[in-house]
Amino acid sequence: MNPAPTPPSRLDLPESSRGVLRRLATHGPATRPQLAKVLGLSRPTMSAVMPELMDLELVSSGGSSRGATGRSAVLYSLAAGAGHVLGVEVGATRARVVAHSLDGEQIAAREERISARRRNITDAAVSTTMELCEKVLAEVGDGHGPLRDVVVAAPTKPSTKPTAVSTSGLQPDGVEQLAAALPVPDDVPVIVENNVNCAAIAEHRLGAAQNQDTFVYLQVGVKIGLGIVVGGKLMHGAHGASGEVAMMPFPWSPGEEPARAGLEEYLGSEALMARCAEVWTSGNGPVPKDAEALFQAAARGQSTARRLVDQHATDIGRLAVGVMSVLDPGLVVLGGGVGQNQLLLPGVRRATTALAWDTEITVGALGEHATVLGAVHIAITRALDRLT
1323 MNPAPTPPSR LDLPESSRGV LRRLATHGPA TRPQLAKVLG LSRPTMSAVM PELMDLELVS
1383 SGGSSRGATG RSAVLYSLAA GAGHVLGVEV GATRARVVAH SLDGEQIAAR EERISARRRN
1443 ITDAAVSTTM ELCEKVLAEV GDGHGPLRDV VVAAPTKPST KPTAVSTSGL QPDGVEQLAA
1503 ALPVPDDVPV IVENNVNCAA IAEHRLGAAQ NQDTFVYLQV GVKIGLGIVV GGKLMHGAHG
1563 ASGEVAMMPF PWSPGEEPAR AGLEEYLGSE ALMARCAEVW TSGNGPVPKD AEALFQAAAR
1623 GQSTARRLVD QHATDIGRLA VGVMSVLDPG LVVLGGGVGQ NQLLLPGVRR ATTALAWDTE
1683 ITVGALGEHA TVLGAVHIAI TRALDRLT
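Okay, so the sequence shown: first residue is 1323 according to our numbering, each after it adds one.
Written as structure tokens, this is what we have:
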């Protein structure tokens, strides 16, 4: 059996073919007449383009669509041979790996909790992520074309190389070790992107911010972070550190000296639970074991839990006001293990209304999977940019 033809690079495909390929990847199946109309291509051009793309196993045909005249036309879609990408999420407590085709369809996914509850990427996190990658790639097999791109989402500054410099408690060598050692072919591009940036992109493409090109994604959990999207594109800044709100000076008042990452120490879930332990009395029952349990108690109407949640919402709202005063986003999306809780939303809105102008505040639509979905979307975009 002859080997399958190798998909060409961008330079090997004519502009018309690249346009068809990108359109099918981003908008789904279409007929020749539909593609010709949208892309402004002639019938002879389409007659040349489609066989070429099918021979290269980049496009396949299947099914039909009935047009306005009543005639049926063959539907074309991106073929499995066009390839796939990996989105990898690695943090202090959980790892996820997802494989998607270039048209965004999920092929395989694995995730696993990491037992070590530390603020850096540990050896356990690296080894767990490596194992998940191997399992996902084995599940993908040979039927989905070449692996075209990998994006690793981690709580660190982004990098176009398999290296990263940390701006918070994360140890950068863990990210470097993981990105450099992923079990993928040497010619597959691997980059590191900040995890909050990835979540912001996911909410923009798939979730709560689909109708906003200028917005921020405010993540609140064990750590805090901000993803900034302006004109539909991520803002990285001169040093790749845009959105590192953990570094904002806090506290900032007479007689108090700001601590490095002091705002994160105050707003993170560990500090929230420490405050909970300080004020919780025996009459309230067992002390909530984590933030999730605290929010559950607040939802049941437990008064101490409710006061803690309300104050936390106010604090998050004040941070949102600081962000609004600098960036003036059209929307603030709340996310993260704590931030995505609907109980926070009224208090955050009250705080922003009291201190600033009206700005829409909402909770993210993608929950805990926003980060890995964003990594996948970035990988698809990068792969299509090279291919088309």
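All C-beta atoms in this analysis are idealised placements derived from N, C-alpha and C, irrespective of residue type, glycine included. Note that the coordinates shown come from a computational prediction; the quantities given were computed from them, not determined experimentally.
| Query | Result |
| --- | --- |
| Nearest neighbour of Val1473, chosen from Pro1355, Gln1356, Val1497, Glu1600 [CA to CA] | Val1497 |
| Backbone secondary structure at Glu1578 - three-state DSSP | coil |
| Cα-Cα separation between Leu1616 and Lys1457, rounded to whole angstroms | 36 Å |
| Separation of Ala1627 from Thr1450, as counted between CA atoms | 35 Å |
| Beta-carbon proximity of Leu1343 to Val1381, cut-off 9 Å | yes |
| Nearest-angstrom Cα separation, counted from Met1570 out to Val1601 | 27 Å |
| Same chain only: Cβ atoms within 6 Å of Thr1710, ignoring 5 sequence neighbours per side | Arg1340, Leu1343, Arg1344 |
| Endpoints, the beta strand (DSSP E) within which Gln1541 is located | 1537 to 1542 |
| Nearest-angstrom Cα separation, counted from Gly1426 out to Leu1408 | 11 Å |
| Sequence-distant residues of the same chain with beta carbon closer than 7 Å to Ile1700, five excluded per side | Val1473, Glu1515, Cys1520, Ile1523 |
| Short Cβ contact (9 Å threshold) for Gly1631 with Leu1656 | In the sequence on display, residue 1631 carries Val and not Gly. No, the Cβ-Cβ distance between Val1631 and Leu1656 is not below 9 Å. |
| Closest Cα partner of Val1552 within the set Thr1636, Ala1503, Gln1532 | Gln1532 |
| Under the three-state DSSP convention, the category Asn1516 falls into | strand |
| Those runs of the beta strand (DSSP E) which lie wholly inside the stretch 1669 to 1707 and span at least 3 residues | 1682 to 1685 |
| Pair within 9 Å by beta-carbon distance, Pro1480 and Arg1704 | no |
| Straight-line Cα distance separating Leu1688 from Leu1641 | 22 Å |
| Counted within 10 angstroms of its Cβ, other Cβ atoms place Gln1662 as buried (16 or more) or exposed | buried |
| Beta-carbon separation (whole angstroms), Thr1684 vs Leu1649, contact threshold 8 Å | Wrong, their Cβ atoms sit about 16 Å apart, outside the cutoff. |
| Inter-residue Cα distance where the pair is Val1660 and Leu1556 | 23 Å |
| Start-to-end residues for the beta strand (DSSP E) that takes in Glu1411 | 1406 to 1412 |
| Distance between Ala1635 and Gln1624 (C-alpha atoms, nearest Å) | 16 Å |
| Pair within 9 Å by beta-carbon distance, Leu1454 and Val1506 | no |
| Same chain, Cβ closer than 8 Å to Ala1621, five either side skipped, listed in chain order | Leu1665 |
| Reduced DSSP category for Glu1600 - H, G, I as helix; E, B as strand; rest coil | helix |
| DSSP state of Glu1427 mapped onto helix, strand, coil | coil |
| Residues that Val1654 bridges to, as DSSP identifies them | Val1538, Ile1683 |
| Exposure label - Glu1579; buried when at least 16 CB within 10 Å | exposed |
| Contacts around Thr1693, its chain only, beta-carbon distance under 6 Å, and the 5 residues preceding and following it disregarded | Glu1411, Ala1475, Asn1517, Cys1520, Ala1521 |
| Beta-carbon contacts of Arg1671 that lie in its chain and below 8 Å, excluding the five residues immediately before and after | Gly1639, Ile1683 |
| Endpoints, the beta strand (DSSP E) within which Gly1547 is located | 1546 to 1552 |
| Extent of the continuous alpha helix (DSSP H) to which Leu1459 belongs | 1445 to 1462 |
| Secondary structure of Thr1478, DSSP reduced to three states | coil |
| From Val1643, His1561, Arg1629, residue whose alpha carbon lies closest to that of Ala1678 | Val1643 |
| Endpoints, alpha helix (DSSP H) assigned at Val1396 | Premise fails: Val1396 lies in the beta strand (DSSP E), 1394 to 1400, not in any alpha helix (DSSP H). |
| Assigned secondary structure, Ala1531 (DSSP; H/G/I helix, E/B strand, else coil) | coil |
| Simplified DSSP state of Asp1508, which is helix, strand or coil | coil |
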